[in-house]
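I have placed the structure first, in the form of structure tokens, so that the comments after it can refer back to it.
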Amino acid sequence: MDYRVPILKIRDVLIVPIQIDLDDNTAARLQHDILTRIEQTGASGVIIDISVLDMVDSYLGRMLGDTAVMATLMDASVVLTGMQPQVALTLVELGLKLDTIHTALDMESGIELLDAMKKA
Amino acid sequence: MSVLREIAITTEHDIVLCRRACREVAKEYHFNLVDQTRITTAASELARNIFEYAKTGTVTIVILDGPNGDVGLKAVFQDNGPGIEDIDSAMREGWTSHKGMGLGLPGSRKLVDDFDIQSTLGEGTTVTITKWRKQG
Ligand SMILES: Nc1ncnc2c1ncn2[C@@H]1O[C@H](COP(=O)(O)OP(=O)(O)OP(=O)(O)O)[C@@H](O)[C@H]1O
Ligand SMILES: [Mg+2]
Numbered sequence: 116m117d118y119r120v121p122i123l124k125i126r127d128v129l130i131v132p133i134q135i136d137l138d139d140n141t142a143a144r145l146q147h148d149i150l151t152r153i154e155q156t157g158a159s160g161v162i163i164d165i166s167v168l169d170m171v172d173s174y175l176g177r178m179l180g181d182t183a184v185m186a187t188l189m190d191a192s193v194v195l196t197g198m199q200p201q202v203a204l205t206l207v208e209l210g211l212k213l214d215t216i217h218t219a220l221d222m223e224s225g226i227e228l229l230d231a232m233k234k235a
Numbered sequence: 005m006s007v008l009r010e011i012a013i014t015t016e017h018d019i020v021l022c023r024r025a026c027r028e029v030a031k032e033y034h035f036n037l038v039d040q041t042r043i044t045t046a047a048s049e050l051a052r053n054i055f056e057y058a059k060t061g062t063v064t065i066v067i068l069d070g071p072n073g074d075v076g077l078k079a080v081f082q083d084n085g086p087g088i089e090d091i092d093s094a095m096r097e098g099w100t101s102h103k104g105m106g107l108g109l110p111g112s113r114k115l116v117d118d119f120d121i122q123s124t125l126g127e128g129t130t131v132t133i134t135k136w137r138k139q140g
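Those protein sequence lines, which keep their order, are chains A and B.
Anchor point for the first sequence: position 3 equals 118 in our numbering, and the numbering is continuous, going up by one each time.
Anchor point for the second sequence: position 93 equals 97 in our numbering, and the numbering is continuous, going up by one each time.
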């Protein structure tokens, strides 16, 4: 698959709208792309929106959690937005703890959360 | 019992095709949204295990007609890879022979109603999962 997830930048926030079910290679490349963009732009926050995803398995879940950890080391906060309730439930049942990543209901509250974290 | 789909796992992208096929069948047979998601997620884990440990294999999706009009979705993940030496360990959460999280097998067991694993060293592994459709 030769698809690349777009990464948009608004002020000092990177917006990553995941629009299709990603295979493992594409997910790994996305992690690399996000970290590279943080480095290039000095962004202080990243919103990863997964509202269209109908499942998150251990591979993608781990990639998201690891990305958040690495971004934190680069002084950027990651917020995961829009996770569908049944996706969240299934992740918990699977046994995956996404405890390294902040979550918010939608992109707007994700931005608010980033603002609040910046002030804190 | 009727075979609905057969997916050959040979490339990494086939993991996506496998979970998509499971989703489609679960939707077509009116499984609720949470169960569709559970089936799809378990399928993704088990198809990835085939690709990671056996390189190639096949996934077969069938619909079961149980008693009282029950409907079950059964998926069989079959490979002729190296097999698993110690199934009890492999089924334990956090146990991995590589650098995984050891979630795939124990996690997918929790997402389905029936889970069966057969494995012979040097011959291969077959994992069979079934989810029964909830009434109402
Ligand atoms: N189809 C298979 N063929 C051979 N060995 C397998 C197969 N499936 C699983 N295993 C073995 O069982 C172990 C546990 O599998 P499981 O999917 O639970 O965890 P993992 O693949 O190591 O990590 P994760 O799935 O969390 O990324 C694997 O590390 C591997 O050694
Ligand atoms: Mg696995």
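Ideal placement from N, C-alpha and C gives every residue a C-beta, glycine not left out.
Bear in mind the structure is a predicted one, so any value in this text is a computation, not a measurement.
For residue i, does the three-state DSSP call read helix, strand or coil?
i        : result
B/Leu8   : strand
B/Phe119 : strand
B/Phe55  : helix
B/Ala79  : strand
B/Thr154 : Absent from the structure is residue 154 of chain B, since the part of chain B shown begins at 5 and ends at 140.
B/Gly110 : This sequence places Pro at residue 110 of chain B; Gly is not what is there. Helix at B/Pro110.
A/Gly176 : helix
A/Pro132 : strand
B/Thr124 : strand
A/Leu220 : coil
For residue i, would you say it is in contact with chain B, using Cβ-to-Cβ distances shorter than 8 Å as the test?
i        : result
A/Met202 : The sequence shown places Val at residue 202 of chain A, rather than the Met named in the question. For A/Val202, the answer is yes, since a Cβ of chain B falls inside 8 Å of its Cβ.
A/Arg238 : Outside the shown range of chain A, which is 116 to 235, sits residue 238 of chain A, and nothing can be said about it.
A/Tyr278 : The structure shown does not extend to residue 278 of chain A, since chain A is modelled only from 116 through 235, so no value can be given for it.
A/Met170 : yes
Whose C-alpha, out of the options, is nearest the C-alpha of residue i?
i        : options                                   : result
B/Gln139 : B/Ala25, B/Cys22, B/His34 and B/Val20     : B/His34
B/Thr64  : B/Ala94, B/Arg27 and B/Arg9               : B/Arg9
A/Ser166 : A/Leu213, A/Asp148 and A/Asp221           : A/Asp221
B/Asp18  : B/Arg52, B/Asp92, B/Ile67 and B/Asp74     : B/Arg52
A/Lys212 : B/Met105, B/Thr100 and B/Asp39            : B/Met105
A/Asp148 : A/Met232, A/Met178, A/Ala231 and A/Gly210 : A/Met178
A/Leu175 : A/Gln146, A/Ile162 and A/Asp190           : A/Gln146
B/Lys135 : B/Glu127, B/Leu125 and B/Asp118           : B/Asp118
B/Gly128 : B/Glu89, B/Leu68, B/Glu32 and B/Asn72     : B/Glu89
B/Leu21  : B/Ser48, B/Gly85, B/Lys59 and B/Gly111    : B/Ser48
B/Thr14  : B/Lys114, B/Glu56, B/Lys78 and B/Ala30    : B/Glu56
When you measure from the CB of residue i to every non-hydrogen atom of ligand 4, does any distance come out below 7 Å?
i       : result
B/Arg42 : Annotation note on ligand 4: not contained in the displayed structure, which lists ligand 1 and ligand 2 as its ligands.
Check whether chain A comes within 8 Å of residue i, counting only Cβ atoms and requiring the distance to be less than that.
i        : result
B/Glu28  : no
B/Val20  : yes
B/His34  : no
B/Arg23  : yes
B/Ser10  : Checking the displayed sequence, the identity of residue 10 of chain B turns out to be Glu instead of Ser. No, its Cβ sits nowhere closer than 8 Å to a Cβ of chain A.
B/Glu97  : yes
B/Glu127 : no
Below 8 Å on C-beta distance, what does residue i contact in chain A?
i        : result
B/Pro110 : Gly210
B/Leu107 : Ser173, Leu209, Gly210 and Leu211
Quick one: which chain B residues come within Cβ less than 8 Å of residue i?
i        : result
A/Thr205 : Val38, Thr41, Arg42, Thr45 and Leu115
Just the chain A side, please: which residues come within less than 7 Å of residue i by C-beta, in chain order?
i        : result
B/His102 : None at all; the shortest Cβ gap to chain A is about 13 Å.
In chain A, which residues lie with their C-beta within 9 Å of the C-beta of residue i?
i       : result
B/Glu16 : Met116, Asp138, Asp139 and Asn140
Under 9 Å (Cβ pairs) to chain B, residues found in the segment 184–201 of chain A: Hits within the stretch, in order: Gln199, Pro200 and Gln201.
Short-range partners of chain A found in the segment 31–60 of chain B, where Cβ spacing is below 7 Å: Listed by position, the residues of the segment 31–60 of chain B near chain A (Cβ gap below 7 Å) are Leu37, Val38, Thr41, Arg42, Thr44, Thr45, Ser48, Glu49 and Arg52.
Members of the segment 126–138 of chain A near chain B, C-beta cut-off 9 Å: Correct list: Asp136, Leu137 and Asp138.
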